[in-house]
Amino acid sequence: MKHNLTILGIDPGLEITGYGVVDALGRKVKLKEAGVIKTSHKQNLQDRLIEIYDGLIEVIEETSPDAAVIEKLYSHYKHPVTSILMGHVRGVIYLAIRKSNISLFECPAKTVKKSLTGNGNASKEQVGRMVQAYLNLKKPPEPVDISDALALAMSHAFTLRK
577 MKHNLTILGI DPGLEITGYG VVDALGRKVK LKEAGVIKTS HKQNLQDRLI
627 EIYDGLIEVI EETSPDAAVI EKLYSHYKHP VTSILMGHVR GVIYLAIRKS
677 NISLFECPAK TVKKSLTGNG NASKEQVGRM VQAYLNLKKP PEPVDISDAL
727 ALAMSHAFTL RK
(Lines of atoms letter the chains of each structure in order from A and count residues from 1; the text may use other names and numbers.)
(Lines give C-alpha, C1' and ligand atoms only; values in the text may rest on other atoms or scores of the structure.)
Protein backbone atom coordinates (compact mmCIF):
# COMPACT_ATOMS: atom_id res chain seq x y z
CA MET A 1 0.00 0.00 0.00
CA LYS A 2 1.68 3.17 -1.16
CA HIS A 3 -0.87 5.86 -0.33
CA ASN A 4 -3.45 6.57 2.31
CA LEU A 5 -6.67 4.64 2.07
CA THR A 6 -9.90 5.42 3.82
CA ILE A 7 -11.52 2.26 5.12
CA LEU A 8 -15.06 1.92 6.44
CA GLY A 9 -15.69 -0.87 8.94
CA ILE A 10 -19.30 -1.92 9.52
CA ASP A 11 -20.70 -3.93 12.43
CA PRO A 12 -24.23 -4.76 11.23
CA GLY A 13 -27.19 -4.92 13.56
CA LEU A 14 -30.90 -4.30 13.24
CA GLU A 15 -31.08 -2.16 16.38
CA ILE A 16 -27.54 -0.73 16.26
CA THR A 17 -25.23 -0.75 13.26
CA GLY A 18 -21.80 0.45 14.21
CA TYR A 19 -19.43 2.10 11.77
CA GLY A 20 -15.84 3.22 11.97
CA VAL A 21 -13.80 5.03 9.37
CA VAL A 22 -10.02 5.13 9.46
CA ASP A 23 -7.36 6.63 7.26
CA ALA A 24 -4.65 4.03 6.87
CA LEU A 25 -1.07 3.81 5.73
CA GLY A 26 0.28 0.39 6.60
CA ARG A 27 0.03 -0.19 10.35
CA LYS A 28 -0.53 3.51 10.94
CA VAL A 29 -4.20 4.26 11.32
CA LYS A 30 -5.99 7.46 12.16
CA LEU A 31 -9.59 7.79 13.26
CA LYS A 32 -11.66 9.73 10.76
CA GLU A 33 -15.18 9.14 12.05
CA ALA A 34 -17.15 6.62 14.04
CA GLY A 35 -20.69 6.21 15.26
CA VAL A 36 -23.86 4.20 15.17
CA ILE A 37 -27.01 4.04 13.12
CA LYS A 38 -29.87 3.25 15.50
CA THR A 39 -33.34 1.99 14.77
CA SER A 40 -36.26 1.40 17.09
CA HIS A 41 -37.92 -1.94 17.69
CA LYS A 42 -41.19 0.02 17.44
CA GLN A 43 -40.60 0.61 13.72
CA ASN A 44 -41.55 -1.97 11.12
CA LEU A 45 -38.75 -3.91 9.47
CA GLN A 46 -38.93 -2.03 6.17
CA ASP A 47 -38.55 1.36 7.86
CA ARG A 48 -35.65 0.11 9.96
CA LEU A 49 -33.85 -1.16 6.86
CA ILE A 50 -34.39 2.15 5.06
CA GLU A 51 -32.99 3.98 8.08
CA ILE A 52 -29.87 1.79 8.06
CA TYR A 53 -29.44 2.24 4.30
CA ASP A 54 -29.91 6.02 4.43
CA GLY A 55 -27.60 6.35 7.44
CA LEU A 56 -24.87 4.36 5.76
CA ILE A 57 -25.18 6.36 2.52
CA GLU A 58 -24.78 9.53 4.59
CA VAL A 59 -21.60 8.16 6.22
CA ILE A 60 -20.23 7.16 2.81
CA GLU A 61 -20.96 10.60 1.32
CA GLU A 62 -19.30 12.35 4.29
CA THR A 63 -16.17 10.16 4.50
CA SER A 64 -15.56 8.94 0.91
CA PRO A 65 -14.12 5.52 1.81
CA ASP A 66 -11.99 3.59 -0.68
CA ALA A 67 -13.06 0.25 0.75
CA ALA A 68 -15.52 -1.22 3.22
CA VAL A 69 -15.22 -4.29 5.41
CA ILE A 70 -17.93 -6.23 7.19
CA GLU A 71 -17.70 -9.20 9.50
CA LYS A 72 -18.23 -12.52 7.77
CA LEU A 73 -21.68 -13.85 8.61
CA TYR A 74 -21.85 -16.27 11.48
CA SER A 75 -25.13 -17.92 12.32
CA HIS A 76 -26.15 -20.27 15.06
CA TYR A 77 -28.71 -23.00 14.53
CA LYS A 78 -30.43 -22.07 17.80
CA HIS A 79 -31.22 -18.56 16.50
CA PRO A 80 -32.54 -18.88 12.94
CA VAL A 81 -34.73 -15.77 13.11
CA THR A 82 -31.73 -13.65 14.12
CA SER A 83 -29.81 -14.98 11.14
CA ILE A 84 -32.66 -14.09 8.79
CA LEU A 85 -32.97 -10.57 10.20
CA MET A 86 -29.21 -10.10 9.94
CA GLY A 87 -29.47 -11.21 6.31
CA HIS A 88 -31.87 -8.34 5.68
CA VAL A 89 -29.55 -5.84 7.38
CA ARG A 90 -26.52 -7.13 5.50
CA GLY A 91 -28.48 -6.93 2.25
CA VAL A 92 -29.12 -3.18 2.61
CA ILE A 93 -25.50 -2.65 3.65
CA TYR A 94 -24.27 -4.53 0.56
CA LEU A 95 -26.65 -2.48 -1.58
CA ALA A 96 -25.42 0.83 -0.15
CA ILE A 97 -21.79 -0.17 -0.67
CA ARG A 98 -22.38 -1.44 -4.21
CA LYS A 99 -24.40 1.59 -5.28
CA SER A 100 -21.55 3.76 -3.95
CA ASN A 101 -18.98 1.87 -6.07
CA ILE A 102 -16.89 0.87 -3.06
CA SER A 103 -15.03 -2.43 -2.82
CA LEU A 104 -16.49 -4.60 -0.06
CA PHE A 105 -14.52 -7.19 1.88
CA GLU A 106 -15.64 -9.76 4.44
CA CYS A 107 -13.51 -10.80 7.37
CA PRO A 108 -14.11 -13.53 9.99
CA ALA A 109 -14.31 -12.30 13.59
CA LYS A 110 -11.40 -14.52 14.66
CA THR A 111 -9.17 -12.97 12.00
CA VAL A 112 -10.00 -9.45 13.21
CA LYS A 113 -9.33 -10.41 16.84
CA LYS A 114 -6.03 -12.08 15.98
CA SER A 115 -4.96 -9.10 13.85
CA LEU A 116 -5.48 -6.62 16.69
CA THR A 117 -4.69 -8.66 19.81
CA GLY A 118 -2.68 -11.66 18.62
CA ASN A 119 -5.46 -13.93 19.92
CA GLY A 120 -8.33 -15.10 17.70
CA ASN A 121 -10.41 -15.80 20.80
CA ALA A 122 -9.94 -12.36 22.39
CA SER A 123 -12.87 -10.83 24.24
CA LYS A 124 -14.71 -7.75 23.01
CA GLU A 125 -13.10 -5.86 25.90
CA GLN A 126 -9.60 -6.86 24.76
CA VAL A 127 -10.39 -5.79 21.20
CA GLY A 128 -11.77 -2.49 22.48
CA ARG A 129 -8.61 -1.80 24.47
CA MET A 130 -6.45 -2.48 21.41
CA VAL A 131 -8.61 -0.15 19.29
CA GLN A 132 -8.14 2.44 22.04
CA ALA A 133 -4.37 1.93 22.05
CA TYR A 134 -3.87 1.97 18.26
CA LEU A 135 -6.01 5.08 17.82
CA ASN A 136 -4.61 6.79 20.94
CA LEU A 137 -8.05 7.28 22.49
CA LYS A 138 -8.71 8.13 26.14
CA LYS A 139 -11.02 5.13 26.50
CA PRO A 140 -12.33 2.26 24.37
CA PRO A 141 -15.03 3.37 21.92
CA GLU A 142 -18.60 2.86 23.10
CA PRO A 143 -20.90 1.24 22.39
CA VAL A 144 -19.04 -1.94 21.49
CA ASP A 145 -20.58 -1.77 17.99
CA ILE A 146 -18.27 1.17 17.24
CA SER A 147 -15.23 -0.62 18.61
CA ASP A 148 -16.05 -3.71 16.53
CA ALA A 149 -16.48 -1.61 13.37
CA LEU A 150 -13.18 0.19 13.94
CA ALA A 151 -11.48 -3.16 14.60
CA LEU A 152 -12.74 -4.41 11.23
CA ALA A 153 -11.42 -1.33 9.42
CA MET A 154 -8.07 -1.49 11.22
CA SER A 155 -7.65 -5.22 10.62
CA HIS A 156 -8.26 -4.67 6.92
CA ALA A 157 -5.67 -1.89 6.89
CA PHE A 158 -3.15 -4.21 8.56
CA THR A 159 -3.70 -6.92 5.94
CA LEU A 160 -3.03 -4.41 3.16
CA ARG A 161 0.44 -3.66 4.53
CA LYS A 162 1.63 -7.21 3.82
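To convert, note that position 162 of the sequence shown is 738 in my numbering; the numbers rise steadily by one, no gaps.
Backbone N, C-alpha and C fix where the C-beta goes; we use that ideal spot for every residue, glycine too.
Owing to the predicted nature of the structure, the values given are computational and were not obtained by experimental measurement.
Where the beta strand (DSSP E) containing residue i begins and where it ends
i: GLU647; result: 643 to 647
i: GLY596; result: 592 to 601
Under 8 Å between C-beta atoms of residue i and residue j
i: LEU692; j: ALA727; result: yes
i: LEU584; j: THR639; result: yes
i: ALA733; j: ALA600; result: yes
i: THR735; j: ASP642; result: no
i: ILE646; j: LEU680; result: yes
i: VAL610; j: ILE636; result: It should be pointed out that residue 610 corresponds to Ala in this sequence rather than to Val. No, the pair does not count as a contact, with Cβ atoms beyond the cut-off.
i: VAL665; j: LEU713; result: no
Own chain, CB closer than 8 Å to residue i, minus 5 neighbours either side, in chain order
i: ASP721; result: ASP587, GLY589, ILE592, THR593, GLY594 and VAL612
i: GLN619; result: GLU627
i: PRO716; result: GLU701, GLY704, ARG705, VAL707, GLN708 and SER723
i: LYS578; result: A caution first: LYS578 carries a pLDDT of 47, below 50, which makes its placement in the model too unreliable to give a value.
i: ARG674; result: LEU680
Residue i, DSSP secondary structure in three states
i: SER699; result: coil
i: ALA614; result: The question names Ala, but residue 614 in the sequence shown is Lys. Residue state, collapsed to three classes: strand.
i: LYS689; result: helix
i: GLY667; result: helix
i: ILE660; result: helix
i: ILE586; result: strand
i: LYS675; result: helix
i: LEU713; result: coil
Close Cβ partners of residue i (< 6 Å) along its chain, the five nearest in sequence each way excluded
i: GLY631; result: ILE613
i: LEU661; result: LEU590
Sequence-distant residues of the same chain with beta carbon closer than 7 Å to residue i, five excluded per side
i: VAL598; result: ILE583, VAL605, LYS606, LEU607, LYS608, LEU726, ALA729, MET730 and ALA733
Endpoints, alpha helix (DSSP H) assigned at residue i
i: SER723; result: 720 to 736
i: LEU632; result: 621 to 639
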